[in-house]
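Quick notes on the structure that follows.
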Amino acid sequence: MTELIRLTAAELSSRLQAGTVSAVEATQAHLDQIVAVDTDLHAFLHVAADAALATAARIDARRAAGEKLGPLAGVPIAIKDVLTTLDMPTTAGSKILEGWVPPYDATVVARLRAADLIPLGKTNMDEFAMGSSTEHSAYGVTRNPWDRDRIPGGSGGGSAAAVASFQAPLALGSDTGGSIRQPAAVTGSVGVKPTYGAVSRYGAIALASSLDQVGPVSRTVFDAALLHDVIGGHDPLDSTSLTDAWPSMAAAATAGLADGALKGVRVGVIKELSGSGFQAGVTQRFTETLALLTAAGAEITEVSAPNFEYAVAAYYLILPAEASSNLARFDSVRFGIRVDPAEGSLTSEHVMAATREAGFGPEVKRRIILGTYALSTGYYDAYYGSAQKVRTLIQRDFAAAFEKVDILVSPSAPTTAFKFGEKLEDPMAMYRSDITTIPANLAGVPGMSIPIGLAPEDGLPVGLQIMAPARADARLYTYGAAIEQLLEATWGHTMLDQAPALALATTAKGAI
Amino acid sequence: MAKPELMDYDKALELFEPVLGFEVHVELNTKTKMFCGCANEFGSGANTNTCPTCLGLPGGLPQVNHKAIESSIRLGLALGCEIAEHSRFARKNYFYPDTAKNFQTSQYDDPICHDGSLTIELESGRLVTVEIERAHMEDDAGKLTHMGGSTGRIQGADYSLVDYNRGGVPLVEIVTQMIEGAEHDAPEIGRTYVAGIREIAKALGVSNARMEEGNVRCDANVSLRPRGSKVLGTRTETKNVNSLRSVERAVRYEIQRQAAVLAAGGTITQETRHWHEDTGITSAGRPKSDADDYRYFPEPDLVPMAPSREWVEELRRTLPEPPAARRKRLQADWGFANLEFQDVVNSDLMDAVEATVAAGASAQSARKWWTGEVARLANAAGVAADSLVQPAQLAALIALVDAGTLTDRLARQVLEGVIAGEGTPAEVVASRGLAVVSDDGALIAAIDEALSKQPDVLAKIRDGKLQAAGAVIGAVMKAMRGQADAARVRELVLERAGTAESGTVE
Amino acid sequence: MSAITAEQVAHLANLARIDLSPEEITNLTIDLGQIVDSVAKVQEVATADVPATSHPMPLTNVFREDVVVPSLSVEQALSGAPARAGDKFRVPAILDEE
Ligand SMILES: [Mg+2]
Ligand SMILES: [Zn+2]
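Heads up: the protein sequence lines correspond to chains A, B and C, in order. Number 512 marks the last residue of the first sequence (full-length UniProt numbering); no jumps. Number 506 marks the last residue of the second sequence (full-length UniProt numbering); no jumps. Number 98 marks the last residue of the third sequence (full-length UniProt numbering); no jumps.
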């Protein structure tokens, strides 16, 4: 039973289709793993065990009746708590939404259900996705399966930890400045931020509307591609959704497994996203990967993106500005908690202000106040306006780079997973840890993180970020799958095979 | 609150020059809301027309209603505006419980329409061109009901209730440039301008334009400057003045109030003011302060608009005849005196009269019926006259009168039957048995019956005392229960006086 | 150049409708000062000739047809309300405006 949880989504899918495993068995195996390890890791905020088993039973019955089901039918999935779900509470990691059960499904959730995946529950996150460590969740931290004293990345630490600890083969994340890719990097899993507009944002609780993108979290590039194919594509409910006819990402990933897939591929190394400020072991694994790529026939060139230097600054103006407005709706009128002021009159104004004081955590307040400042009369041009100009410059840097290369690469994060509390006292230090991932969000281009080894100094996962031009998401899957295959062939095993044994229950069964 | 001092209006005008500005919100009558597919309808059950988007639920996203853009452009074109080649929505951030997202999705630096004008004609015949700065799109707020307290007003209420059905309904806000040189006509300019906007919106069919339902709402800006001064005075913005008469009264009131304050050496506070329909005064609202920092920024959930020039020209071709021109043409066609025509216009019955004439009635009959009996019944029922009866039905009724089938009195009864849903005029005549008795035999029998009781009448008539016929006519009408044509009865009585002499009976 | 003051933070908190405690205002004044100093570097390259980008993907004219779609039921609409009265949302008394 336990080995079921170590299957990739694709492998599990084949067994489900072959009838050697039932969806109920697969679901139960993952629920057992959640029971075994999640008290400790706390990747989930809500587990919908009964609903998941009921869904699985229905899918088994339909399959038994001969119904033709989609490729991921019967495969369990974890959903980041930023996405609205009809049958599960949705809190976005915030106390202000405690217990809220939305009256609608996010488009991506509806698509999961339509494709017969099995929602296991909702995963932990930094409050309103503000953070890089999941330490800003109102419901407690999520631990990194590789080292329980370390952060699982953020804001999607819950989704990454769930996948990395075999509680789910797949998860959904959202990425505003790296919230899918950075957790993937520090947990040894795979995460993809699609092109802005490739996946619907309808029902994704907005952090920064012009930066947010929902994407897949998995243990392999091919699994991410399968999930991308389910959730992607035009949604008329999201006015920024692209109407492109997208190619199959799964087919693109498969193409990357062919011999010589990396031959002649022009790979750009971004000068500004390497070197000083990067942990030695991160740089080492990154450099080794480049060497492997060269050996596989890729052409490595260094490209410069001079304006990336300003990306973090622009991001921490645009994000708080949009967030300050997006989070205004949390006002104790239509949903969420209501808190009466300790003193003063019980007016609507005071109750709203008291609710927001009690319901928002310190990081959320910090960013709302910063964003309110950036948009204020007299400061708009200097801050928000200037940040939007930087955005133009960063897009130009990407455009110039992609004239010379097919993909861009960098380490996914400057360091491996840091320890809890290490950066909590210094917001700018925390903000700077997103330096590698932020440019893709500002420009709207797609990015992927795949594991490339463990840093020798701490034995923790290192991720490679691959970026492609806007709309060229398929390219990420092709080359991501190729690099993943290359690395695993070198290692002789997968990255997560090296992950330490987790909780008692798992080891007691002798699964690893 | 103490009633503030007011200066005599003429005196105020002697000392000060009023400067005006108007912001008129026109609610569009699209089938759905501005940014979601919920029904845009008035009067449905509370919170029945809501969804994650217009309730501002977490995760909700806006989608722009194409028809609302079209209506806004047509409204802009009818006001002589330029249609922006590039336009976008912006968020206007402020907290208020009727605003689900706590920002209004509006337009800031790129409104869809700009730089237009509307020329209005005052009763004196003076023509005034009001320059329009911009007409931009935005969404409406929900509806608050204030509960408890003594007044039912916001002040002193214990709590309030929110219905978000109106939240997200599309609005076009039309903003004028400063109106200088209004002088004594300022109040009338306000009323006539708002009436003009309303008339255009109605003619275009883009709004139901019912002020009583809040489809057209006016904020009036008034400031005064001393005669001879070039410096603008501080202005007040009187919010939600929601009838034409109120616009006129509120402008007049503010001129008189501000003049009194200024003449007494006081200063005007830049503030919003509230109009009180019942007492006819304005009262101070929120002062404009730096707390009003709306932090506008481009709406990131919506993409910019670039209405193609072809589309704009196509829409321009759909514009109806301008209402002012149409009024001139109809008055001439109908041959109405000014007062008669004004009566129709003021009663909002121009369309109804036109349709009734088109259905075959004479203009005078149509006017008489609409502004007379129909208006009276509508008034009693508290509804709009044109909602009571179809123009074609009224035209059919008028035709029956013209044919002599009905007297005016009978026609009024038939009208009631038609309004009560008893059928067409012809059907009501049949079912109620209301037709004029046109059978002379029956009338003559009744006349003879009456004459038998008043034998001296014929002699009096023959003596030239024609008024003596009245008593017989009255008796006959009574006997016929009103279903006789009194003129015909009179004819027959006089005839009878003649034939009695000749001694022949038909 | 930023030099954020506690008064400014209190004003911003009021605009953002958050009832910050005095300690929070003190801490945020320090944090915000540092953050603003750091992010102000965007001004170094944001010259007049650079256009602003508000959307990462340049789309225009995305419209919805004017067709009614089913709304939520009243119960669904009100399901998350902290307080209701009948079919309406209930909110505490509203300050000012008159
Ligand atoms: Mg407005
Ligand atoms: Zn709606």
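The beta carbon of each residue, even a glycine, is placed where N, CA and C say it ideally should be. Owing to the predicted nature of the structure, the values given are computational and were not obtained by experimental measurement.
Drop a sphere of 10 angstroms on the beta-carbon of D463 of chain B, count the other beta-carbons inside from all chains shown, and report buried for 16 or more, exposed for fewer. Around the Cβ of D463 of chain B, a 10 Å sphere holds fewer than 16 other Cβ atoms; the residue is exposed.
Between the stretch 34-58 of chain C and chain A, which residues of the former have CB atoms less than 8 angstroms from a CB of the latter, in chain order? If the cut-off is 8 angstroms between Cβ atoms, the stretch 34-58 of chain C has Q34, I35, V36, S38, V39, A40, K41, V42, Q43, E44, V45, A46, T47, V50, P51, A52, T53, S54, H55, P56 and M57 near chain A.
Which residues mark the beginning and the end of the beta strand (DSSP E) in which P170 of chain B is found? Start and end: P170 to T176.
With 16 other CB atoms within 10 Å as the buried threshold, where does E3 of chain A fall? Taking all protein chains shown into account, E3 of chain A has fewer than 16 neighbouring C-beta atoms within 10 Å of its C-beta and is therefore exposed.
Alpha-carbon spacing of residue 108 of chain C relative to A206 of chain A, whole angstroms: Given a span of 1 to 98 for chain C in the structure shown, any question on residue 108 of chain C remains unanswerable.
For a test of your reading of the model: does the CB of S106 of chain B fall under 7 angstroms from any non-hydrogen atom of ligand 1? Yes or no. Annotation for S106 of chain B indicates a beta carbon within 7 angstroms of some heavy atom of ligand 1.
When we look at the beta-carbon of E349 of chain A and count the other beta-carbons within 10 Å, is it buried (16 or more) or exposed? Its Cβ being crowded by 16 or more others within 10 Å, E349 of chain A is buried.
Backbone CA spacing between R396 of chain A and D38 of chain A [nearest angstrom]: Rounded to the nearest angstrom, the gap between the Cα atoms of R396 of chain A and D38 of chain A is 44 angstroms.
Could you check how far apart the C-beta atoms of S159 of chain A and A171 of chain A are, in whole angstroms? I think they sit under 8 angstroms. The pair is a contact, with the Cβ atoms about 4 angstroms apart (cut-off 8 angstroms).
Pull out every residue of the stretch 334-345 of chain A whose Cβ sits closer than 9 angstroms to any Cβ of chain B, in chain order. Those residues of the stretch 334-345 of chain A that come within reach of chain B (Cβ to Cβ, closer than 9 angstroms) are R334, F335 and G336.
Look up Y159 of chain B in the DSSP assignment and say whether it is helix, strand or coil. Of the three classes helix, strand and coil, the one that applies to Y159 of chain B here is strand, per DSSP.
Cut-off 7 angstroms between Cβ atoms - residues of its own chain near V206 of chain B, not counting five sequence neighbours on either side: Excluding the 5 residues flanking it on each side, V206 of chain B has same chain C-beta neighbours closer than 7 angstroms at L28, N29, S71, R74 and L75, in chain order.
Run through DSSP, which three-state label would D463 of chain B get? Correct three-state label for D463 of chain B: coil.
Along chain C, which residues have their Cβ under 8 angstroms away from the Cβ of R356 of chain A? In chain order: A16, R17, I18 and D19.
Please report how far the alpha carbon of N65 of chain B lies from the alpha carbon of S276 of chain A, in whole angstroms. The alpha-carbon atoms of N65 of chain B and S276 of chain A are separated by roughly 51 angstroms.
Alpha helix (DSSP H) segments (min. 4 residues) lying fully within the stretch 43-95 of chain B: Secondary structure remark: continuous alpha helix (DSSP H) runs of at least 4 residues inside the stretch 43-95 of chain B, in chain order: 66-78.
Listed in chain order, which residues of the stretch 369-384 of chain B have Cβ atoms closer than 8 angstroms to some Cβ of chain A? Within the stretch 369-384 of chain B, no residue has a Cβ lying closer than 8 angstroms to any Cβ of chain A.
Contacts that Q395 of chain A makes with chain C (C-beta to C-beta distance below 8 angstroms): In chain order, T53 and P56 make up the part of chain C whose C-beta sits under 8 angstroms from the C-beta of Q395 of chain A.
Taking the straight line between their C-alpha atoms, what separation do you get for G492 of chain A and Q485 of chain A? Within the model, the alpha-carbon separation for G492 of chain A versus Q485 of chain A is close to 10 angstroms.
Can a CB atom of chain A be found closer than 8 angstroms to the CB of D66 of chain C? False, the Cβ-Cβ gap to chain A never drops below 8 angstroms.
Whose CA, out of A:A65, A:A57 and A:E299, lies closest to the CA of V405 of chain A? By alpha-carbon distance to V405 of chain A, the top candidate from A:A65, A:A57 and A:E299 is A:E299.
Within chain A, partners of E24 of chain C - CB distance below 9 angstroms: Neighbours of E24 of chain C on chain A, chain order: E357, P362 and K365.
Could you tell me whether the Cβ atoms of D87 of chain C and L78 of chain C are closer together than 8 angstroms? Yes; because the gap between Cβ atoms is below 8 angstroms, this pair is in contact.
Boundaries of the alpha helix (DSSP H) in which T294 of chain A is found, first to last residue: Here the alpha helix (DSSP H) through T294 of chain A covers A280 to A295.
Throw me the rounded Cβ distance for the R63 of chain A and D244 of chain A pair, which I believe falls under 8 angstroms. No, R63 of chain A and D244 of chain A are not in contact; Cβ-Cβ is about 32 angstroms, not under 8 angstroms.
Candidates A:W146, A:V333, A:R111 and A:A26: closest to D60 of chain A by CA position: The shortest Cα separation from D60 of chain A among A:W146, A:V333, A:R111 and A:A26 belongs to A:A26.
Within 7 angstroms: the Cβ of C36 of chain B and any heavy atom of ligand 2? Yes, ligand 2 has a heavy atom inside 7 angstroms of this Cβ.
Tell me the rounded alpha-carbon separation between A56 of chain A and P169 of chain A. Rounded to whole angstroms, A56 of chain A to P169 of chain A spans 15 angstroms at the Cα level.
Report yes if the CB atom of P58 of chain B is closer than 8 angstroms to the CB atom of R329 of chain A, and no otherwise. Closer than 8 angstroms, so yes.
Hey, could you find the ends of the beta strand (DSSP E) N338 of chain B is sitting in? Counting along the chain, N338 of chain B sits inside no beta strand (DSSP E); it lies in the alpha helix (DSSP H) bounded by residues N338 to N346.
Complete alpha helix (DSSP H) runs within the UniProt domain "Asn/Gln amidotransferase" (351-497) of chain B (minimum length 4 residues, chain order): If we require 4 residues or more, the alpha helix (DSSP H) runs fully inside the UniProt domain "Asn/Gln amidotransferase" (351-497) of chain B come out as 363-369, 375-381, 391-402, 408-419, 425-432, 440-453, 457-462 and 469-479.
Looking at the C-beta of I30 of chain C, does it have a partner C-beta in chain A at a distance below 8 angstroms? Residue contact with chain A for I30 of chain C: absent (no Cβ-Cβ distance below 8 angstroms to any residue of chain A).
Contact set between V351 of chain A and chain C, taken where Cβ atoms lie within less than 7 angstroms: Ordered by position in chain C, the residues that pass the 7 angstroms Cβ test against V351 of chain A are P92.
Does the beta carbon of L476 of chain A come closer than 8 angstroms to any beta carbon on chain C? Judged by the 8 angstroms Cβ criterion, L476 of chain A is not in contact with chain C.
Own chain residues within Cβ distance below 7 angstroms of G417 of chain B, not counting five before or after: Around G417 of chain B: V428 and R432.
To the nearest angstrom, how far is it from the Cα of R490 of chain B to the Cα of G482 of chain B? R490 of chain B and G482 of chain B: Cα-Cα distance of roughly 14 angstroms.
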